[in-house]
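Enquirer: Starting off with a structure, shown below.
4 protein chains.
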Amino acid sequence: MSFALPVYHSPDFSSSFFAAAPDVRWETAPADGVAPEGFHSTSMYPEYFKIDGTWRLAEESRMDASVVLRPDGRLDVVENRNLRKGDRVILGRSERGEEGIYMHCSGFLAGDAAPDDQFVFRQGRSRETSYARDYDELIELLRYERDHGNILWVMGPAFAFDAGARAAMAALVENGYCHGLLAGNALATHDLEGAMLHTALGQDIYTQISQPNGHYHHLDVCNRVRRCGSIPAFIREYELDDGIICACVKKGVPLVLTGSIRDDGPLPEVMGDVYAGQNAMRALVKRCTTVICLATMLHTIATGNMTPSFRVLPDGSVRPVYLYAVDADEFVVNKLLDRGSLAATTMVTNVQDFIRTVARGLDLTET
Amino acid sequence: MSFALPVYHSPDFSSSFFAAAPDVRWETAPADGVAPEGFHSTSMYPEYFKIDGTWRLAEESRMDASVVLRPDGRLDVVENRNLRKGDRVILGRSERGEEGIYMHCSGFLAGDAAPDDQFVFRQGRSRETSYARDYDELIELLRYERDHGNILWVMGPAFAFDAGARAAMAALVENGYCHGLLAGNALATHDLEGAMLHTALGQDIYTQISQPNGHYHHLDVCNRVRRCGSIPAFIREYELDDGIICACVKKGVPLVLTGSIRDDGPLPEVMGDVYAGQNAMRALVKRCTTVICLATMLHTIATGNMTPSFRVLPDGSVRPVYLYAVDADEFVVNKLLDRGSLAATTMVTNVQDFIRTVARGLDLTET
Amino acid sequence: MSFALPVYHSPDFSSSFFAAAPDVRWETAPADGVAPEGFHSTSMYPEYFKIDGTWRLAEESRMDASVVLRPDGRLDVVENRNLRKGDRVILGRSERGEEGIYMHCSGFLAGDAAPDDQFVFRQGRSRETSYARDYDELIELLRYERDHGNILWVMGPAFAFDAGARAAMAALVENGYCHGLLAGNALATHDLEGAMLHTALGQDIYTQISQPNGHYHHLDVCNRVRRCGSIPAFIREYELDDGIICACVKKGVPLVLTGSIRDDGPLPEVMGDVYAGQNAMRALVKRCTTVICLATMLHTIATGNMTPSFRVLPDGSVRPVYLYAVDADEFVVNKLLDRGSLAATTMVTNVQDFIRTVARGLDLTET
Amino acid sequence: MSFALPVYHSPDFSSSFFAAAPDVRWETAPADGVAPEGFHSTSMYPEYFKIDGTWRLAEESRMDASVVLRPDGRLDVVENRNLRKGDRVILGRSERGEEGIYMHCSGFLAGDAAPDDQFVFRQGRSRETSYARDYDELIELLRYERDHGNILWVMGPAFAFDAGARAAMAALVENGYCHGLLAGNALATHDLEGAMLHTALGQDIYTQISQPNGHYHHLDVCNRVRRCGSIPAFIREYELDDGIICACVKKGVPLVLTGSIRDDGPLPEVMGDVYAGQNAMRALVKRCTTVICLATMLHTIATGNMTPSFRVLPDGSVRPVYLYAVDADEFVVNKLLDRGSLAATTMVTNVQDFIRTVARGLDLTET
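Residue numbers (numbering that gives the first Met the number 0), protein chains in the order written: chain R, 0 to 366; chain F, 0 to 366; chain L, 0 to 366; chain H, 0 to 366.
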């Protein structure tokens with residue numbers, strides 16, 4: 000049961016339906032960071048816009064952003080805060096051609112049965128859902144993506160609390176299954192505390208025994224990384240070689256660490272400005288073909304919102320972007336569904352078990 | 000890191016402390032199912048009672064039951080509803096010798112460090128707790144118990160929804176890691192639906208695809224088992240050989256299925272009287288040395304209440320009874336702690352992942 | 000905004016669609032408690048069966064039961080376990096007339112907009128859903144039902160832990176807003192412990208302070224009620240006059256207390272046989288017009304399964320049965336939806352706050 | 000049962016215990032944002048430092064920060080990221096005088112019974128805990144604090160989804176029960192959407208009916224506020240007068256809105272730099288005497304970490320700071336406990352019900 004990319008079916012723009020549609024309208028942004036009234040807002044699906052009689056795809060999309068028609072004819076999907084005064088912003092709030100906009104939800108579906116299947120597949124995912132097939136499919140997908148795609152991991156702060164999960168994730172990184180990592184200050188600090196002291200928040204990550212004055216471990220790690228000036232400098236100075244962050248640094252996997260009001264520290268690499276942080280996250284998202292979000296409502300929703308359901312490859316072909324969200328709490332994965340990110344596979348389980356199961360499925364030896 | 004039973008340290012009854020304590024008092028039960036006022040109620044710990052100057056252990060204990068002094072001198076731990084008029088019921092509500100009762104909480108602790116370690120170990124178990132060591136210890140424990148102990152599994156209704164989890168559990172049964180099973184009508188019906196139709200509540204247990212009119216699968220399985228008169232007769236008639244219940248029947252593992260007001264059916268083996276059901280459950284609990292409760296608040300608490308922390312072996316030695324509770328919901332495992340069942344290892348995860356991880360740890364090939 | 004019953008629209012059986020349908024088929028039950036293969040299973044909606052050319056409603060329905068054609072022509076909805084050998088059981092697994100069976104889902108809907116509204120209303124109910132209108136509507140409904148309907152309350156064990164919630168519920172009972180109560184042994188025992196000792200499981204229900212040896216409170220209350228022989232005898236002997244159970248006894252509100260394997264005691268009124276218990280529950284359900292389930296997954300699902308969406312009044316008119324399920328956990332209320340009990344209003348909140356808000360909405364003074 | 004401030008008991012520094020302790024040590028910060036090794040980190044409790052033989056209190060404390068000895072002798076509690084090179088940072092990791100540091104946990108406790116009571120009070124708070132007394136005490140506290148204290152509210156994004164909750168909170172603001180508000184972009188945007196369109200994320204906040212193209216409501220509100228340049232300008236231009244934000248603007252209640260990577264927009268007032276945001280939050284926290292956190296894990300933990308358990312009043316007296324955390328999820332309120340913020344009252348309920356119950360307790364008429 001080896002993985003194969005589904006074929007993308009473009010709309011048939013030669014049909015009279017599309018020929019009859021008007022050109023799309025636009026208006027210039029009245030000020031930096033402000034869209035004109037009636038702006039069109041994107042979805043995660045491929046959207047086509049009729050410009051001078053031709054239907055054109057906005058290639059790098061995301062949810063809830065505007066579409067800017069560049070002077071060279073390119074269609075850029077731009078968050079409203081990033082609009083510049085004078086940008087030509089597409090208008091229109093219908094997506095079935097009425098205003099020259101067409102949202103194509105079914106490009107990857109084969110035949111009529113598929114939508115129903117999709118529907119059934121989706122509803123009522125809970126701790127009682129069967130996940131055996133999801134695991135099998137994910138393993139196949141990861142094998143494919145390692146060599147042909149780009150796998151982006153998104154991690155909550157607790158992921159580094161368990162020695163086994165941390166070793167499994169490090170093995171995934173070292174074996175090429177991670178092309179980018181999005182996280183916050185806490186995940187990185189906990190993981191580096193594990194590398195330096197074998198604890199997380201002062202508790203041993205294997206025996207769970209709390210160390211005397213262990214709450215200083217976290218604070219000391221933050222302070223030392225800050226003194227060293229960067230995570231790589233810290234790793235060198237203390238000769239660390241263990242865990243997720245070390246593996247990423249060793250393998251050159253790009254990290255985007257974004258800040259939150261909950262942070263201690265922060266580590267030097269953490270971006271304090273969350274909107275600059277969003278931009279940096281999206282820069283990694285724009286390359287990725289599979290996203291796996293683990294145990295973080297904040298980062299999962301943030302990433303879900305900026306992840307389209309498709310990617311245009313260099314040869315012009317269109318492939319799906321796969322989005323997984325794994326959390327112990329139904330509420331979190333359901334939030335993703337509520338936000339409209341329907342094309343997600345959600346799994347309700349403890350992420351420690353999830354990652355160890357995935358690593359074993361990929362025949363990785365945990366350290 | 001192979002498993003070894005901890006040594007039990009009896010209280011030193013030769014000390015002046017114990018010598019100075021009075022004999023315990025008793026009074027007869029005034030009616031069937033009624034204890035005398037002031038009755039002593041047991042805990043899950045070993046409890047000793049001073050009778051005619053001698054401290055004697057109530058060997059088969061449980062929580063919240065009375066202690067009956069039999070004419071032959073035996074101490075039976077009896078639920079109040081099972082008392083008979085005239086039974087001599089121990090009185091007293093202090094457990095440090097004041098009334099001839101001594102509860103021994105620290106019999107398995109070695110030295111001074113242990114209690115603190117225990118304390119730290121216990122608190123704050125959540126989805127963010129590290130479970131790597133728990134898995135390792137459980138694997139070692141199961142290897143030991145397969146040959147030297149008695150492993151009792153307690154399962155919630157959802158356990159059979161996933162093909163992988165079901166296969167893993169069946170492999171555990173077939174390889175000798177299950178000496179008894181406590182469950183309800185739903186678990187058995189779902190599992191037999193899987194065996195007959197590869198669905199649970201009409202949804203394929205691997206592909207998750209809902210079958211047309213699939214809600215009848217459950218009802219038909221119930222009805223057919225009832226027509227056959229028993230689960231084994233049903234398995235024979237339909238030539239089933241797959242899943243948890245089939246494995247138990249094949250291996251002769253005793254099942255106790257108890258009813259609830261939520262049941263359809265029920266299957267013929269299900270005990271409709273819940274107090275008779277409790278008696279049958281306790282009969283299995285009295286033999287067991289490890290209990291593993293999976294994804295069921297009702298059965299977990301019921302079993303936890305009747306499971307003591309120790310077992311007296313035929314040679315008179317005392318060993319621990321290990322109790323695990325695994326659930327996706329912190330609330331459920333915390334309920335167990337609230338009820339006083341402190342000597343439990345609680346794990347917060349999806350039980351499907353749990354059982355597959357355990358099976359792999361035991362080198363079992365899943366079908 | 001006063002409450003008015005929606006009008007029920009029967010199907011138009013004079014239409015050619017219904018005329019063309021065949022008579023329904025039946026077969027006799029092959030044994031006590033066993034349905035013939037192909038039996039039809041009911042839903043919570045009104046279902047009509049064509050018998051001798053006439054479409055007839057099964058008046059007292061429930062989910063997942065068989066329909067028995069009595070010699071006198073009556074259609075009884077009977078759980079399979081309650082079938083008797085020779086009963087004429089309706090066959091058929093389609094509900095749009097193909098086999099003489101018609102399920103009428105839209106009887107209370109007015110016009111075309113309604114189904115969509117229903118759909119939107121239903122999905123995604125969580126802690127973040129707006130409940131202001133639900134409260135307002137429930138208050139109006141309860142005012143109506145007090146005098147014209149029958150309100151059945153279903154309560155989980157924790158409901159009596161809070162002095163305020165207990166007083167609010169008692170006020171509802173005393174003021175005529177409760178025509179029946181379904182619960183388990185624990186709810187009744189906790190509430191009576193509150194009446195006798197102002198604690199629940201040994202913890203003061205107002206100050207939350209744990210009493211010395213407080214865990215005996217629960218056991219003593221159980222034992223004393225058992226000695227007295229009944230709840231009313233216990234209330235008389237100890238001169239209690241406080242809380243939910245006392246209010247029910249004083250007002251003559253029927254209680255059905257059903258057992259579970261988790262029970263201590265039990266109290267004398269608790270039905271140990273859960274299938275007899277189901278029968279007793281359904282006897283109350285058959286009278287009710289509004290059901291409110293609070294903080295109990297077990298009793299909520301059990302009751303939901305036996306509650307139809309409609310009631311035939313003595314004058315032959317058909318009205319809705321309203322079903323509310325209130326729980327702090329989305330998982331519990333979603334279980335109700337998964338089970339098919341779609342016509343429920345689910346609210347995610349702490350039931351203590353819920354009941355106090357309802358009592359205030361009804362201008363009841365809490366004691 | 001009117002509220003009275005507990006009296007603070009300073010340690011008796013005249014005792015030989017304190018006299019025998021050494022002076023505290025310090026070292027200068029080696030760089031901006033970096034503490035010297037061995038830095039002391041503060042707790043939420045009052046901490047005294049022995050300097051030149053005199054014990055002095057760090058007056059404006061918080062958790063996990065350093066203590067800087069200013070040239071004028073003042074002790075400032077400064078987050079490590081805010082240290083400047085050369086700041087004299089207190090060293091020491093014991094808090095019982097050994098190194099000239101004394102943490103005073105019991106200043107507000109009266110007599111010996113209190114600590115135990117505290118202990119019992121604290122553990123096992125869940126949906127099943129009795130909250131009647133907590134509500135009563137909170138009502139009394141709010142009446143007191145309105146005139147004599149400073150009440151800071153911390154709100155999650157979902158708080159504005161319900162018309163009733165929103166009206167209740169607005170009534171609290173308008174009647175003087177709110178001296179400051181901490182929230183994120185979403186809360187403010189949802190609430191302003193309610194003011195302008197009576198929806199939140201496109202769903203009517205009373206009827207729950209989804210509006211056509213309602214997902215644009217949120218985006219349009221963001222965009223319009225951005226065009227107007229500020230929330231007050233937006234309120235004026237669109238003549239809004241409804242909801243929480245409008246009430247705060249009208250009453251001059253200071254808002255601190257901090258950003259997250261999940262934000263759309265953001266509104267102009269939202270601080271994109273989360274560390275500047277922390278500073279602004281702490282500026283409000285430094286004035287407050289009661290903090291109430293509602294339905295937000297992120298803001299609750301962030302605020303909890305920067306909230307000390309005490310406040311030094313202008314007359315030099317010391318009073319408690321009360322911290323409440325209310326959430327539907329045990330996990331969230333338990334996180335607060337895990338982080339060490341022990342002096343919190345946690346309540347597990349839906350915040351909509353919570354706020355309406357509080358408003359009614361204060362005899363506020365909801366609009």
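Even glycine gets a Cβ: it sits at the ideal position worked out from N, Cα and C.
Report the residue from S15/H, G37/H and D31/H whose alpha carbon sits nearest the alpha carbon of R24/H.
Expert: As a first step, residue 24/H is located in the fourth sequence; it is residue number 25 there, counting from the start. Considering only alpha carbons, the answer is G37/H.
Enquirer: For E236/F, is the classification buried or exposed, using 16 other Cβ atoms within 10 angstroms of its Cβ as the cut-off for buried?
Expert: By 1-based counting over the second sequence, the position of residue 236/F is 237. Under this definition E236/F is an exposed residue.
Enquirer: What's the C-alpha gap between R145/R and W152/R?
Expert: The sequence position of residue 145/R within the first sequence is 146, counting from 1. The sequence position of residue 152/R within the first sequence is 153, counting from 1. Taking the straight line joining both Cα atoms gives about 13 Å.
Enquirer: What separation, rounded to the nearest whole angstrom, lies between the Cα atoms of G251/F and L297/L?
Expert: Translated into the one-based positions of the second sequence, residue 251/F becomes position 252. Translated into the one-based positions of the third sequence, residue 297/L becomes position 298. Spanning the two alpha carbons is a distance of roughly 31 Å.
Enquirer: With a cut-off of 8 Å, does the C-beta of K125/R fall near any C-beta of chain L?
Expert: Indexing the first sequence from 1 puts residue 125/R at position 126. Per the sequence presented here, residue 125/R reads as Ser, with Lys not at that position. Cβ-Cβ to chain L under 8 Å: yes for S125/R.
Enquirer: Should S60/H and T41/H be called a contact, given that it needs their Cβ atoms to be closer than 8 Å?
Expert: One-based indexing of the fourth sequence puts residue 60/H at position 61. One-based indexing of the fourth sequence puts residue 41/H at position 42. In contact: S60/H and T41/H (Cβ atoms closer than 8 Å).
Enquirer: May I ask which residues mark the beginning and end of the alpha helix (DSSP H) holding L141/L?
Expert: In the third sequence, residue 141/L corresponds to position 142, counting from 1. Start and end: A131 to H147.
Enquirer: Whole angstroms are fine: how far does the CA of A30/R sit from the CA of P231/H?
Expert: Along the fourth sequence, one-based indexing puts residue 231/H at 232. Along the first sequence, one-based indexing puts residue 30/R at 31. Those two C-alpha atoms are separated by around 19 Å.
Enquirer: List the residues of chain L whose Cβ lies closer than 7 Å to the Cβ of Q277/F, in chain order.
Expert: For the purposes of this step, residue 277/F is taken as the residue at position 278 of the second sequence. The answer, in chain order, is I260.
Enquirer: In whole angstroms, what separates the C-alpha of A187/R from that of L4/F?
Expert: Looking up residue 187/R in the first sequence gives position 188. Looking up residue 4/F in the second sequence gives position 5. So the alpha carbons of these two residues sit roughly 39 Å apart.
Enquirer: Tell whether a beta-carbon distance below 8 Å holds between A57/R and L82/R.
Expert: As a first step, residue 57/R must be located in the first sequence, where it is residue number 58. As a first step, residue 82/R must be located in the first sequence, where it is residue number 83. No. Outside cutoff.
Enquirer: Measure from the alpha carbon of A169/F to the alpha carbon of each residue in L141/F, I243/F and Q207/F, then state which is nearest.
Expert: As a working mapping, residue 169/F is identified with position 170 in the second sequence. Comparing Cα positions, the closest option is I243/F.
Enquirer: Anything in chain R within Cβ reach of V347/F, meaning under 7 Å, just list it in chain order.
Expert: Stepping through the second sequence from its first residue, residue 347/F is reached at position 348. Within 7 Å of the CB of V347/F, the CB atoms of chain R belong to A327 and N349, in sequence order along the chain.
Enquirer: Using a Cβ-Cβ distance under 8 Å, would S93/H count as near chain L?
Expert: Counting from one through the fourth sequence, the residue named residue 93/H turns up at place 94. Proximity of S93/H to chain L, defined by a Cβ-Cβ separation below 8 Å, is not satisfied.
Enquirer: P253/L and L283/L: beta carbons closer than 8 Å?
Expert: Residue 253/L sits at position 254 when you count from the first residue of the third sequence. Residue 283/L sits at position 284 when you count from the first residue of the third sequence. It is a contact, given that the beta carbons lie within the stated cut-off.
Enquirer: Taking only the alpha-carbon atoms, compute the straight-line gap between D71/H and P265/R and give it to the nearest angstrom.
Expert: In the fourth sequence, the residue the question calls residue 71/H occupies position 72. In the first sequence, the residue the question calls residue 265/R occupies position 266. Between D71/H and P265/R, the C-alpha separation is close to 29 Å.
Enquirer: Since I believe G99/R is in contact with P10/R (beta carbons under 8 Å), could you give me their beta-carbon distance rounded to a whole number of angstroms?
Expert: In the first sequence, the residue the question calls residue 10/R occupies position 11. In the first sequence, the residue the question calls residue 99/R occupies position 100. 13 Å between Cβ atoms; not a contact.
Enquirer: Got a sec: is the Cβ-Cβ distance from T257/R to anything in chain H below 8 Å?
Expert: Within the first sequence, residue 257/R is the residue found at index 258, counting from 1. By this cut-off, T257/R is an interface position.
Enquirer: Taking only the alpha-carbon atoms, compute the straight-line gap between L322/F and E26/L and give it to the nearest angstrom.
Expert: In the second sequence, residue 322/F corresponds to position 323, counting from 1. In the third sequence, residue 26/L corresponds to position 27, counting from 1. Roughly 50 Å between the two C-alpha positions.
Enquirer: Could you tell me the distance, in whole angstroms, from the CA atom of S316/L to the CA atom of Y7/L?
Expert: Counting from 1 along the third sequence, the entry for residue 316/L is found at position 317. Counting from 1 along the third sequence, the entry for residue 7/L is found at position 8. In this model, S316/L and Y7/L are separated by some 8 Å (Cα to Cα).
Enquirer: Just checking: is the beta-carbon of I243/L within a distance shorter than 8 Å of some beta-carbon in chain H?
Expert: The sequence position of residue 243/L within the third sequence is 244, counting from 1. Not one chain H Cβ lies under 8 Å of I243/L.
Enquirer: Return helix, strand or coil for Q210/R, following the three-state DSSP convention.
Expert: Working through the first sequence from its first residue, we reach residue 210/R at position 211. DSSP places Q210/R in coil when its eight states are reduced to three.
Enquirer: Does the distance from the C-beta atom of D161/L to that of I204/L stay below 8 Å?
Expert: The residue labelled residue 161/L in the question sits at position 162 within the third sequence. The residue labelled residue 204/L in the question sits at position 205 within the third sequence. Contact flag set, yes.
Enquirer: Does chain R have any CB closer than 8 Å to the CB of T288/F?
Expert: As a working note, residue 288/F is residue 289 in the second sequence. Closer than 8 Å: no.
Enquirer: Determine, using beta carbons only, whether S129/F comes closer than 8 Å to chain R.
Expert: Walking along the second sequence from the start, residue 129/F turns up at place 130. Chain R, which has a Cβ nearer than 8 Å to the Cβ of S129/F, makes this yes.
Enquirer: Based on Cα-Cα distance, which residue from N304/R, R355/R and D328/R lies nearest to T371/R?
Expert: Residue 371/R is absent from the structure shown; chain R starts at 0 and stops at 366.
Enquirer: Residues in the same chain with beta-carbon distance under 6 Å from A112/L, minus the five sequence neighbours each way, listed in chain order, please.
Expert: Start at 1 with the first residue of the third sequence, and residue 112/L comes out as number 113. Caution is warranted here: a pLDDT of 41 is assigned to A112/L, below 50, making its placement in the model unreliable, and the coordinate value is therefore given only provisionally. Around A112/L: no qualifying Cβ.
Enquirer: Along chain L, in chain order, which residues have C-beta atoms closer than 8 Å to that of Y215/F?
Expert: The count along the second sequence starts at 1 and reaches residue 215/F at position 216. Correct list: S40 and R92.
Enquirer: Measure the C-alpha to C-alpha separation of R69/H and F158/L and round it to an integer number of angstroms.
Expert: Taking the first residue of the fourth sequence as position 1, residue 69/H is located at position 70. Taking the first residue of the third sequence as position 1, residue 158/L is located at position 159. Approximately 55 Å between the Cα atoms of the pair.
Enquirer: Give me the chain H residues within the contact set of R225/R, using Cβ-Cβ distance strictly less than 9 Å, ordered along the chain.
Expert: Translated into positions along the first sequence, residue 225/R becomes position 226. The answer, in chain order, is A30, G32, V33, A34, N79 and R80.
Enquirer: For a quick check, are the C-beta atoms of A294/F and G155/F less than 8 Å apart?
Expert: On the second sequence, position 295 is the one that residue 294/F refers to. On the second sequence, position 156 is the one that residue 155/F refers to. Yes, Cβ-Cβ distance for A294/F and G155/F is below 8 Å.
Enquirer: In the region 168 to 252 of chain H, which residue ranges form an unbroken alpha helix (DSSP H) of at least 4 residues, counting only runs that do not cross its ends?
Expert: Those alpha helix (DSSP H) runs which fall completely within the region 168 to 252 of chain H and span 4+ residues are 184 to 196, 214 to 227, 230 to 237 and 243 to 250.
Enquirer: For T206/R and I138/F, I'd like the C-alpha separation in whole angstroms.
Expert: Reading the first sequence from its first residue, position 207 is the one you call residue 206/R. Reading the second sequence from its first residue, position 139 is the one you call residue 138/F. Spanning the two alpha carbons is a distance of roughly 16 Å.
Enquirer: Helix, strand or coil for I291/R per DSSP?
Expert: Stepping through the first sequence from its first residue, residue 291/R is reached at position 292. If DSSP states are grouped into helix, strand and coil, I291/R belongs with the strands.
Enquirer: DSSP on R355/H, reduced to helix/strand/coil?
Expert: By 1-based counting over the fourth sequence, the position of residue 355/H is 356. DSSP places R355/H in helix when its eight states are reduced to three.
Enquirer: Count the other CB atoms, across all protein chains shown, that sit within 10 Å of the CB of A18/L; report buried if there are 16 or more and exposed otherwise.
Expert: Position 19 of the third sequence holds residue 18/L. Exposed, because fewer than 16 other Cβ atoms sit within 10 Å of the Cβ of A18/L.
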